[in-house]
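Numbering (the numbering used here), first residue to last: 4 to 630.
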């Protein structure tokens, strides 16, 4: 089947046969339509014969009267010259009509012109009379005998046409049905096989604009249809039939050829792209893009100034014309209304951009500014804001992934370290209980005990820091008297403070302040801060601890004098693994302040570090529980 669809000879044969079947269908349909209009499918043969004689008589009378009245008897003689002797079954008589006193029209007297008038009194003769202005004509027709009509050639042609149309009424139905079926089958085959062939055939088709072909086809069809009006089936029946065949065949070739090309073009996806309309639209699109690109390159200030200047000159130019023509007043009003609408619309667009920027600034990274309806620079600005949102979202996502990875890494490593570390601590305890003979051995055991405990504390700080940084800590918030918890924590550190030669100066309010907090986590915050104070404070100095109520908040202030030079910023001091003692003379992980800050923020509080020379200050703020 594929080979058949690709065979050019088969396609040409199918195309030629299609035209033949179309001709058969059209002319068969014409015969059928004529017979249906005459009602000859339901009438008996005798009635049809009478109608044929009537039509023939009508035709003959018209031809005779027309020539006699318009051209005279000489033209009529010339018209029938050489034919009168053969027209043995045809006769006519022309009379001059007369009107009597009663207004009755009669044809009396001697005929002005006649042929075979004796047929009037013969048998088996069809006779009819016709009036034309002041003349009357009688037509005599006798049934043809011996295979010949006995009519003049022109009359015989008309009579024969009527006879043939009736005789072929049934074959016309059969031929028309077969022709229609064949035409449909061949047309479907051509549509299916269209587009199959050589590889370059599609490229050739694309070079011819389809709409141009449609216009050419339409012009040809219009010319052919206009030629239909010139067809007159009469004396020159053969020529008329040839013209009809030419018109039908031409129209069929044009229509089927165009549809075949369209089908092939559609299969190749080139029916729209190869039209002149498409090319014009593409050109306009490119021009529009070029103009838009050029306009976009102009700064928005200059574009606004140019628009305002054009608007100003239009108003100035048309204002004097208002006095002479009211149309300009209407035009000015339309311009002002358009300017107001544009200004309002621009303000609405700016409002949309402002709201979108505020949403993004507030951290709503899922919000996307709708660009629909925004034009030129406003659309570009919306794109920029959306790209910023996407960039921030990606950065946050990457940071979250990084933090999650580091937290998981720290947690896993700490868990792996904890098991052997626990064994080391246990065996150190066993060694401490044993009686070691050497003092050196006893000293080594003490070092192992101290360092293993330090390593255990570091491991715990790492886990807590990673969990606090990622928020992977379940907070059990409950009402907490922050003053009582602060006093308990300070009490536990009094001995250590004395050893470090520090003096705590505490100022607590008489009223108990309650906050929502996780008591265990808040104690850990106080513990880290006091441990940091004891570790880094200058000996022989005071440490001030202050709790007060300010603007509905419990404010806790820790203040001490640093033993080392503080050449770090407040933000750097709260980062993980950062220590105020850069020389690392003291023991510590650098995680105390970072853990404390994260725990405070997870409980809804605020953590702030202030450095003023050697003065080190930590400020904690928690919302008070409303009574």
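By construction, the Cβ of each residue, glycine as well, lies at the ideal position given by its N, Cα and C atoms.
In this text, all values refer to a predicted model and were calculated from it rather than measured experimentally.
Can you look up residue i in the DSSP assignment and give me helix, strand or coil?
i: residue 491; result: helix
i: residue 394; result: helix
i: residue 586; result: Residue confidence is low: residue 586 scores 44 on pLDDT, short of 50, so the model does not pin down where it sits. Its coordinate-derived value is still stated next. Reduced to three states, the DSSP call for residue 586 is coil.
i: residue 544; result: strand
i: residue 43; result: coil
i: residue 371; result: coil
i: residue 562; result: strand
i: residue 92; result: coil
i: residue 498; result: helix
i: residue 3; result: No information on residue 3 is available, as it lies outside the stretch 4 to 630 that the chain covers here.
i: residue 615; result: strand
i: residue 278; result: coil
i: residue 377; result: coil
i: residue 31; result: helix
i: residue 204; result: In this predicted model, residue 204 has a pLDDT of only 49, less than 50, meaning its place in the structure is not dependable; the value taken from the coordinates is given anyway. Helix at residue 204.
i: residue 518; result: strand
i: residue 554; result: coil
i: residue 483; result: strand
i: residue 134; result: strand
i: residue 154; result: coil
i: residue 623; result: strand
i: residue 533; result: helix
Looking only at its own chain, which residues have a Cβ that is under 8 Å from the Cβ of residue i, when we skip the five neighbours before and after it?
i: residue 128; result: 122, 143, 144 and 145
i: residue 172; result: 34, 35, 38, 43 and 44
i: residue 388; result: 356, 359, 360, 363 and 372
CB-CB under 6 Å to residue i, same chain, minus the five flanking residues each way: which ones, in chain order?
i: residue 522; result: 483
i: residue 370; result: 362
i: residue 625; result: 518, 557 and 608
i: residue 374; result: 382 and 385
i: residue 28; result: 179, 182, 183 and 186
i: residue 629; result: none
i: residue 377; result: 352 and 385
i: residue 451; result: 431
Under 8 Å by Cβ, that's how I've got residue i and residue j pegged, so tell me the actual separation to the nearest angstrom.
i: residue 187; j: residue 140; result: In fact, because the Cβ distance is near 50 Å, the residues do not count as touching under 8 Å.
i: residue 488; j: residue 526; result: 6 Å
i: residue 509; j: residue 548; result: 5 Å
i: residue 559; j: residue 627; result: That belief does not hold up - the Cβ atoms of residue 559 and residue 627 are roughly 12 Å apart, past 8 Å.
i: residue 530; j: residue 565; result: Contact flag wrong, Cβ pair sits at about 19 Å.
i: residue 512; j: residue 550; result: 6 Å
i: residue 116; j: residue 71; result: 7 Å
i: residue 193; j: residue 21; result: 7 Å
i: residue 17; j: residue 284; result: Rounded, the Cβ-Cβ distance is 36 Å, inconsistent with contact.
Measuring only the C-alpha atoms, how far is residue i from residue j?
i: residue 597; j: residue 536; result: 15 Å
i: residue 52; j: residue 26; result: 29 Å
i: residue 384; j: residue 455; result: 59 Å
i: residue 619; j: residue 611; result: 11 Å
i: residue 561; j: residue 441; result: 46 Å
i: residue 229; j: residue 133; result: 34 Å
i: residue 250; j: residue 19; result: 16 Å
i: residue 59; j: residue 212; result: 52 Å
i: residue 458; j: residue 505; result: 27 Å
i: residue 219; j: residue 342; result: 47 Å
i: residue 423; j: residue 405; result: 28 Å
i: residue 65; j: residue 164; result: 17 Å
i: residue 400; j: residue 289; result: 40 Å
i: residue 348; j: residue 217; result: 45 Å
i: residue 492; j: residue 520; result: 16 Å
Between the Cα of residue i and those of the options, spot the shortest distance and give me the residue it belongs to.
i: residue 196; options: 91, 263, 383 and 457; result: 263
i: residue 113; options: 125, 559, 95 and 192; result: 95
i: residue 184; options: 24, 61 and 159; result: 24
i: residue 138; options: 69, 124, 392 and 395; result: 69
i: residue 595; options: 605, 576, 604 and 613; result: 576
i: residue 360; options: 29, 192 and 391; result: 391
i: residue 544; options: 341, 428, 135 and 500; result: 500
i: residue 621; options: 546, 552 and 433; result: 546
i: residue 599; options: 538, 47, 541 and 528; result: 528
i: residue 515; options: 282, 490 and 449; result: 490
i: residue 254; options: 99, 225 and 282; result: 225
i: residue 61; options: 261, 130, 292 and 347; result: 130
Could you name the residues of the same chain whose beta carbon sits closer than 7 Å to that of residue i, not counting the 5 residues immediately before and after it, in chain order?
i: residue 175; result: 31, 34 and 35
i: residue 154; result: 90, 92, 93 and 162
i: residue 168; result: 34, 37 and 38
i: residue 524; result: 478, 602 and 606
Quick one: is residue i near chain B, going by C-beta distance under 8 Å?
i: residue 402; result: Although the question refers to chain B, the structure presented lacks it and comprises just one protein chain.
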